[in-house]
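Notes for the one structure printed next.
2 protein chains.
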Amino acid sequence: MKVSIIGVGLLGGSFALALREKYPHLEFVGVDKSPVNQKIALAMGIVDEILPLEEALQVAELNVLATPVDIIMQLLPQMLDQLPAGRTVMDLGSTKGLICEIADAHPRRGQFVAVHPMAGTEHSGPGAAFKELLPTKNVIICDSEKSHPDSLALVEAFLHDIGMKVHYMTPTEHDLHLAYVSHLSHISSFALGLTVLEKEKDEKAIFDMASTGFSSTVRLAKSSPQMWAPIFDQNKKNVSRALGDYIKLLKKFKEAIDSEDLDTSLDFMQKANDIGRILAGIEKK
Amino acid sequence: MKVSIIGVGLLGGSFALALREKYPHLEFVGVDKSPVNQKIALAMGIVDEILPLEEALQVAELNVLATPVDIIMQLLPQMLDQLPAGRTVMDLGSTKGLICEIADAHPRRGQFVAVHPMAGTEHSGPGAAFKELLPTKNVIICDSEKSHPDSLALVEAFLHDIGMKVHYMTPTEHDLHLAYVSHLSHISSFALGLTVLEKEKDEKAIFDMASTGFSSTVRLAKSSPQMWAPIFDQNKKNVSRALGDYIKLLKKFKEAIDSEDLDTSLDFMQKANDIGRILAGIEKK
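Which chain is which? The protein sequence lines are A and B, in order.
Residue 1 is where the first sequence starts when you use the UniProt record's numbering, and the numbers rise one by one after that.
Residue 1 is where the second sequence starts when you use the UniProt record's numbering, and the numbers rise one by one after that.
Below you can see the structure in the form of structure tokens.
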């Protein structure tokens, strides 16, 4: 059985490596427009061969669409057009609303499974892939009832067998929650990095004075702009609302600091501390 | 030779543990108003005995003031009042402007060394202390020329011998830089945690959907409010300016998202990516 990975980067590559560990007899076909990514994916043993998309679709039982979300929107209808009966396409995109809308408009909607694994790092490309990225993490399937039972069962079995915890929700729920628990953290981190860079023209000052706390908070600012710009765009209504809420809170905190209102500062931080309980669970995952 | 640790928490405790490893014959005296912290500090072998502050000052060659910065401001003048000739007080506070002003007004200014190690975690208390926290990290001494050469030499020797890299600057420079590379990251993280908590009344949604990226960005939101409220207050001019810069950038980014201006989003993130080069250095430290 063959699985194609379209977009052999961090997520697609890590999914292939985890599947390979579990199913040594699966064969992997890579599709990637970058010749460098092709070479790296072959050299790392992520895929066994590179094929053009059209050919990959003819040989693979499951096609994993793991490109940035703007490319998913372009490729998904084309792929469904060409998909042989009984075969499946799943995506790994960080937004689900527009992608599911596109799928819904296609007569082969049943052969598509909309998937989003809650995992990633600030790195990208096949060189960043590692087989431990996905196992033990949560993964969300949207509109599962719109997928054909066989397509859904295949995807669920793969996700389950590499040790992921499968959750189900609508694309609307997914995009709203993700704006808060993922998209917003990326923006806060990008903005933090840029604020410090614009102020501290002298890099040595950052280097000498930043601690591991800064490093951790700003880690996501290293993430790929090409990947994130279309995510923010596709989820703009929710992201804008989350960002508005965040700015409002920051302004309140600034007012408390400006007016030396230590009680409000303390209250603000004590409430925020509560995230600790929840993080304890996430870190254990 | 005895060293007193006033405020046996994460920083004071970690400093004692690192010194103990290097100088097995040093004796450590703990001063802490919390009976629980006293017991933990003794049980962990951070200190050998607990004494009231007045008595500790009579027996210790070096007194390490490692309380929150508001308590440093209260205790420093009292301690200098009672400090025998030839003895030294150093602090480990995250702000330096007001602390150095208080020291400057005291006739025993020379016996004080103003120190800030660029290290910490989101945890607090003696139970969070570990001997690896400070070694290899940067540490800043402010107004070193105002310290008596013997006091300065003792503190520099200790910092150097536990493997820290010593830098020198004025309190004004210190507080300005720290607002950007440390205080701002804490606020951005507190605000992120609180924004998500206020939105996601259903904790399970956060738990199921947050990834390690969220966890890392929001880690500092677990930090101690009692420690940070006085830091923000003492450094309010710089923190308010840094926070103002941060809010301004976030608004620009929100505008770019709202107006579907992907070029500006991309540009913003590409510039922020540059922090990666600098982080690479910090993480190696």
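No residue lacks a Cβ here, since even glycine has one placed at the ideal position from N, Cα and C.
Three-state secondary structure (DSSP) of residue i
i                     : result
residue 290 (chain B) : The structure shown does not extend to residue 290 (chain B), since chain B is modelled only from 1 to 285, so the question has no answer here.
A191 (chain B)        : helix
K285 (chain B)        : Its pLDDT being 43, under 50, K285 (chain B) is placed unreliably in this model, and the coordinates cannot settle the point.
A210 (chain B)        : coil
D274 (chain B)        : coil
N235 (chain A)        : coil
P24 (chain A)         : coil
S223 (chain A)        : coil
G45 (chain B)         : coil
K251 (chain B)        : helix
V218 (chain B)        : coil
M269 (chain B)        : helix
D263 (chain B)        : helix
P230 (chain A)        : helix
L83 (chain B)         : coil
K204 (chain B)        : helix
A56 (chain B)         : helix
M1 (chain B)          : coil
K96 (chain B)         : coil
Partners in chain D for residue i, counting only beta-carbon separations shorter than 8 angstroms
i              : result
T195 (chain A) : Considering every chain present, this structure includes no chain D. Its protein chains are A and B.
Any C-beta of chain A under 7 angstroms from that of residue i
i                     : result
R175 (chain B)        : Per the sequence shown, the amino acid found at residue 175 (chain B) is Asp instead of Arg. No, D175 (chain B) lies away from the interface with chain A (no Cβ there is under 7 angstroms from its Cβ).
E101 (chain B)        : no
D274 (chain B)        : yes
A205 (chain B)        : yes
S188 (chain B)        : yes
S216 (chain B)        : yes
F130 (chain B)        : no
K236 (chain B)        : yes
F232 (chain B)        : yes
A229 (chain B)        : yes
A153 (chain B)        : no
R109 (chain B)        : no
Q270 (chain B)        : yes
P225 (chain B)        : yes
residue 329 (chain B) : Outside the shown range of chain B (1 to 285) lies residue 329 (chain B), about which nothing can therefore be said.
K96 (chain B)         : no
H160 (chain B)        : no
L17 (chain B)         : no
Minimum Cβ-Cβ distance from residue i to chain B less than 7 angstroms
i                     : result
A210 (chain A)        : yes
N138 (chain A)        : yes
K199 (chain A)        : yes
residue 292 (chain A) : Because chain A spans 1 through 285 in this model, residue 292 (chain A) falls outside it and cannot be assessed.
H123 (chain A)        : no
R219 (chain A)        : yes
M118 (chain A)        : yes
D258 (chain A)        : yes
Alpha-carbon to alpha-carbon, residue j and residue i
i                     : j              : result
L192 (chain B)        : E61 (chain B)  : 44 angstroms
L65 (chain B)         : L17 (chain A)  : 51 angstroms
K96 (chain B)         : E156 (chain B) : 17 angstroms
S259 (chain A)        : G12 (chain B)  : 31 angstroms
F28 (chain A)         : H167 (chain A) : 26 angstroms
S248 (chain B)        : L134 (chain A) : Checking the displayed sequence, the identity of residue 248 (chain B) turns out to be Lys instead of Ser. Their backbone Cα atoms lie some 36 angstroms apart in a straight line.
N235 (chain B)        : V69 (chain B)  : 11 angstroms
L53 (chain A)         : Q78 (chain A)  : 10 angstroms
residue 289 (chain A) : I46 (chain A)  : Because chain A spans 1 through 285 in this model, residue 289 (chain A) falls outside it and cannot be assessed.
A43 (chain A)         : G120 (chain A) : 22 angstroms
S265 (chain B)        : L57 (chain A)  : 34 angstroms
F214 (chain A)        : H183 (chain B) : 9 angstroms
Q38 (chain B)         : C100 (chain B) : 28 angstroms
G163 (chain B)        : L178 (chain B) : 22 angstroms
D32 (chain B)         : L92 (chain B)  : 15 angstroms
A129 (chain B)        : R219 (chain A) : 24 angstroms
K146 (chain B)        : G110 (chain B) : 6 angstroms
G9 (chain A)          : E132 (chain B) : 35 angstroms
E203 (chain B)        : V181 (chain A) : 11 angstroms
V113 (chain B)        : A205 (chain A) : 21 angstroms
Y246 (chain A)        : G30 (chain A)  : 40 angstroms
D175 (chain B)        : I187 (chain B) : 16 angstroms
N238 (chain B)        : F232 (chain A) : 31 angstroms
A257 (chain B)        : S189 (chain A) : Strictly speaking, residue 257 (chain B) in this sequence is Ile, with Ala absent from that position. So the two alpha carbons sit approximately 16 angstroms from each other.
L197 (chain B)        : I278 (chain B) : 31 angstroms
D81 (chain A)         : N63 (chain A)  : 13 angstroms
Y23 (chain A)         : T170 (chain A) : 30 angstroms
D267 (chain B)        : D261 (chain B) : 10 angstroms
Opposing strand residues paired with residue i [DSSP bridges]
i             : result
L65 (chain B) : B:I6 and B:D91
I50 (chain B) : B:G30
>> At 3 residues or longer, what runs of the beta strand (DSSP E) sit wholly inside the stretch 102 to 182 of chain A?
In response: 112 to 117, 138 to 142 and 165 to 169
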